[in-house]
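Trainee:
In this note's numbering, the protein residues as written are 193 to 264.
1) Among residues of its own chain, excluding the 5 on either side of residue 218, which ones have a beta-carbon nearer than 8 Å to its beta-carbon?
2) Are the region 225-241 and the region 206-216 touching by the rule of at least three beta carbon pairs closer than 8 Å?
3) Less than 7 Å between C-beta atoms, sequence neighbours within five positions excluded: which residues of the same chain meet that for residue 234?
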């Protein structure tokens with residue numbers, strides 16, 4: 193069992209609940225590396241940089257993994 197510490201005790205996640213989370217299969221490893229690269233790029237941005245465009249790119253990569261439409 194996995195607990196979330198928050199007000200009023202938080203949530204309790206069981207292994208069954210976690211097992212039902214939709215995780216896309218990454219048969220194409222280049223897509224996995226593209227997501228990791230985008231995350232690293234965001235993490236290493238200079239202080240004061242606006243990561244808006246980078247975050248939008250990452251959102252679109254993740255949306256593509258789940259077969260969702262790109263964000264506008």
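A virtual CB, placed ideally from N, CA and C, is assigned to each residue, including glycine.
Just so we're clear, the structure is a prediction, and the values are computed from it rather than from any experiment.
Mentor: So, from the listed chains and residues:
1) These residues qualify, in order along the chain: 224 and 257.
2) No: the two stretches stay apart, fewer than three of their Cβ pairs being nearer than 8 Å.
3) A distance below 7 Å between beta-carbons, with the five flanking residues on each side excluded, links residue 234 to the following residues of its chain, in chain order: 243, 246, 247 and 250.
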